[in-house]
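Chains as they are written, first to last, in our numbering: chain A, 1 to 317; chain B, 1001 to 1317.
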C-alpha cells in the first residue's frame, strides 16, 4: 500500500509498504482523511525516537474485522493499552505504562492507506458528522480533556495562550461550556476566526499580565509558560497543554508563592468530542488550511511546518 | 529594644532599635521564643530585597493592645492583609496582593524583644502547649496547608523528599492523617528521628524512582524537583513546598505527558497546627537543635546555616 514512512532520518512516500494484517482484537481501517499534528512534526525532528508510519489523527472505514464494525465509518483513540495494569484498571488506558501509541510509539500510524486499530479504541462516527469534521476528533478530545480534569463553572475567566490548532480548539471547547474565554495569540487571521465565533481575543504584543482564574498554555513554546505563569491569579489553575521537550531556564517559585495548581493535560476521551461535533458546538472545518493527497505527503508536511498554517489534511487518493 | 537587624548588607545585634508602637488594630507582643527558618537565611542572601528585623516564627505574650488579649500567650500569622481586596474577601489573606509579610516584606519581624502584629493575625496558644512547641506553629501550619489543598485519603501512598525542617513536619502531618508516608532524605540522624515516630524512610542515595500517588517536594533544591517529577505516577499529584528562586534548566513535558497535577503550597492557617500541637499529634521539640539568646543572634544564624542542623531558636533573654 501507499504510506508515508519515517525511517528516523528521512520521510518518504512508499508505494509498496506492507498492508497491516488483521489480528485478533483489531480491525483494519481504510483511511479516508488523516490530519497532520504538531507532534508529527516534532517526530520528524527526532521526538520519541519513532520510526515507522507517523500519524494519529484519522477518519476511515472498517474493511476487515468484526461484522458489526465492517463498513462503519470510524475514528480511533491513539493509545493502545495492555488492558491488565493498574492504570488500565482505573480506566486510564491513556497512561498504561506499556502502551503503544499510534504513529508515535511502537505502532504504525495513519499516514497510510490502511491502519490496524484495537477494537476497543474505535468509535463510530455519527452520520451528521462529515469526514472533514471527524478527522478533528483526536485533537478536539485533547481539548475536552481540560474539562475532564477541571470541571469549569460558567462565567469562570479563562485565558488561552496560543493560537495554533490546539489553542483554537481549547478556546472553543471552554467557550462552549460558558467560560469567559480570551484567546491570546500572534496571528491576526487566526484570532479573527475565533472572534467570528464570539470568542474575545488579544494580540500577545498588546497583552498585559492579568490575574485570571484559569490559564491554558497551548503555545508550544517556552515563552508561553512564562506568560501563563504571570497571568494566573493566586490559587488559580494553569493547564499545561504544550509538550516542550527541550529543557529551558525556569524558576517555579512563583507557583509556590501564589499556590497555583498546574495540571498537565494530554489526550482525551473521544465521546465528548464526537458529541460536540454532532451537535455543532464547535467549528473545526475553518481550521483546515489545505488538503493534499497522500502521494503528495512530503509537500503536505512541508506546508504544515509554515507558521501561518493551521490544519493540513492528507486524503487517501 | 534589642533586635537583630538586617540592613540589606549585614546582620547586626542592635540594642537601641526603636520599640514598635501600638497602633489601632494591632497588639504589641513581647517575644519569648523566635525560630530561624530557611527563608530567613535566604533573606540574608538578598531574597525579597528585605531590610529590617527578620523573623516570622514566634511565641510571646501580648503586652499592649485590647484588654481581652493583654497577658495572653500568642502566636501570629505572618501575612498582614489589606482586608478589602478580592483575595481577602475569599478569606485568602495570605494572597492579598498588597500584603506585608512579617520579617519578609515591609514589616519588621520576630528577631526582637517586641513585635507589633495585627489583631486578626493573633491566635491564643492552648495552655498545654509549651513555648518550645508553640514556636513551631507557623512552619507546622505550612505543612498542614498541604491537607487544605489536597484532602488525602488514608492509605494514600505519599513520598516526601527532603529531611529539612519542612520535610520532617510535612511527613509527620501526612502520617498523622493515615497516609502511607515514606520520607526520602540524606541525613541518617534526621531520618532516624522520623523512624522513631513510625514513619518509613529511605536514603536518597538508595532511592529508586517509583510511581506513587502523591509526592511532596520539600528539599529546597533544584535536584529535588527532578526526583519528585520522576517519582509521581501518571495522574498523580506533586506538592511543591520549596521556593527555589534561582532559575534552573527544566522541561515540564513529563508533567504534560503523565498529566500530573502540581500544587504550589506555601503558608497555612494556624488553627489546625495549634490543634495538632495541643493533641500531641506531631512531635516538634525533637527538631530543636539549639537555643541561643537574642544577643547571640549572629552565632545562632551561623549555626542555622550548617547542613546537619534543624531548628535553631532565639530566646528573648
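Using N, Cα and C, we set each Cβ at its ideal position, and we do this for glycine too.
Source: prediction; values computed, not measured.
If you drop the 5 nearest sequence neighbours on each side, which residues of the same chain put their C-beta closer than 7 Å to that of residue i?
i, result
"residue 262(A)", "238, 240, 255"
"residue 286(A)", "193"
"residue 1304(B)", "1036, 1041, 1312"
"residue 88(A)", "81, 82, 96"
"residue 1299(B)", "1292"
"residue 957(B)", "A question about residue 957(B) goes unanswered here, because the residues of chain B that appear run from 1001 up to 1317."
Residues in its own chain within less than 8 Å of residue i by CB, not counting five upstream and five downstream?
i, result
"residue 188(A)", "203"
"residue 211(A)", "231, 232, 233, 234, 236"
"residue 1194(B)", "1163, 1168, 1171, 1172, 1183, 1201"
"residue 1017(B)", "1001, 1002, 1003, 1005, 1053, 1112"
Excluding sequence positions up to five away, which residues of its chain have a Cβ less than 6 Å from the Cβ of residue i?
i, result
"residue 1178(B)", "1154"
"residue 1229(B)", "1254"
"residue 1140(B)", "1169, 1273"
"residue 1040(B)", "1054"
"residue 291(A)", "313, 315"
"residue 1043(B)", "1050, 1054"
"residue 215(A)", "159, 228, 231, 232, 238"
"residue 1185(B)", "1163, 1191"
Could you check if residue i is buried or exposed, using at least 16 other CB atoms within 10 Å of its CB as the buried criterion?
i, result
"residue 1311(B)", "buried"
"residue 277(A)", "buried"
"residue 1082(B)", "exposed"
"residue 1266(B)", "buried"
"residue 1279(B)", "exposed"
"residue 317(A)", "exposed"
"residue 45(A)", "exposed"
"residue 306(A)", "exposed"
"residue 1206(B)", "exposed"
"residue 22(A)", "exposed"
"residue 218(A)", "buried"
"residue 1124(B)", "exposed"
"residue 1079(B)", "buried"
"residue 1156(B)", "buried"
"residue 242(A)", "buried"
"residue 128(A)", "exposed"
"residue 1068(B)", "exposed"
"residue 107(A)", "buried"
"residue 66(A)", "exposed"
"residue 1209(B)", "exposed"
Within 8 Å (strictly less), CB to CB, does residue i reach chain A?
i, result
"residue 1247(B)", "yes"
"residue 1156(B)", "no"
"residue 1221(B)", "no"
"residue 1201(B)", "no"
"residue 1212(B)", "no"
"residue 1259(B)", "yes"
"residue 1174(B)", "no"
Tell me, please, whether the CB atom of residue i is closer than 8 Å to any CB atom in chain B?
i, result
"residue 121(A)", "no"
"residue 264(A)", "yes"
"residue 182(A)", "no"
"residue 92(A)", "yes"
"residue 321(A)", "The structure shown does not extend to residue 321(A), since chain A spans only 1 to 317, so no value can be given for it."
"residue 244(A)", "yes"
"residue 252(A)", "yes"
Segment contact flag, the region 269-276 of chain A with the region 1264-1280 of chain B, C-beta cutoff 8 Å, min 3 pairs: With a cut-off of 8 Å, the region 1264-1280 of chain B and the region 269-276 of chain A do not count as touching, because too few Cβ pairs lie within range.
Residues of the region 1037-1061 of chain B with Cβ closer than 7 Å to any Cβ of chain A, in chain order: Correct list: empty, as no residue qualifies.
The region 19-26 of chain A in contact with the region 108-127 of chain A per 3-pair CB rule at 8 Å: yes
Contact set between the region 1223-1242 of chain B and chain A, restricted to residues whose Cβ is under 9 Å from the partner: Taking 9 Å as the Cβ-Cβ cut-off against chain A, the residues of the region 1223-1242 of chain B that qualify are 1225, 1233, 1234, 1235, 1238, 1240, 1241, 1242.
The region 50-67 of chain A touching the region 101-116 of chain A, judged by at least three CB pairs closer than 8 Å: yes
Cβ contact check for the region 1167-1174 of chain B and the region 1282-1290 of chain B: 3 or more pairs under 8 Å: yes
Cβ-based contacts, 7 Å cut-off: residues of the region 1080-1105 of chain B near chain A: 1087, 1092, 1095
Chain-ordered residues of the region 137-153 of chain A with a beta carbon less than 9 Å from chain B: 145, 149
Any 3 or more C-beta pairs closer than 8 Å across the region 1058-1073 of chain B and the region 1031-1041 of chain B: yes
Where the region 1001-1034 of chain B meets chain A: residues whose CB sits under 7 Å from a CB there: none
Interfacial residues, the region 288-299 of chain A to chain B, with Cβ spacing under 8 Å: Cβ contacts with chain B: none found.
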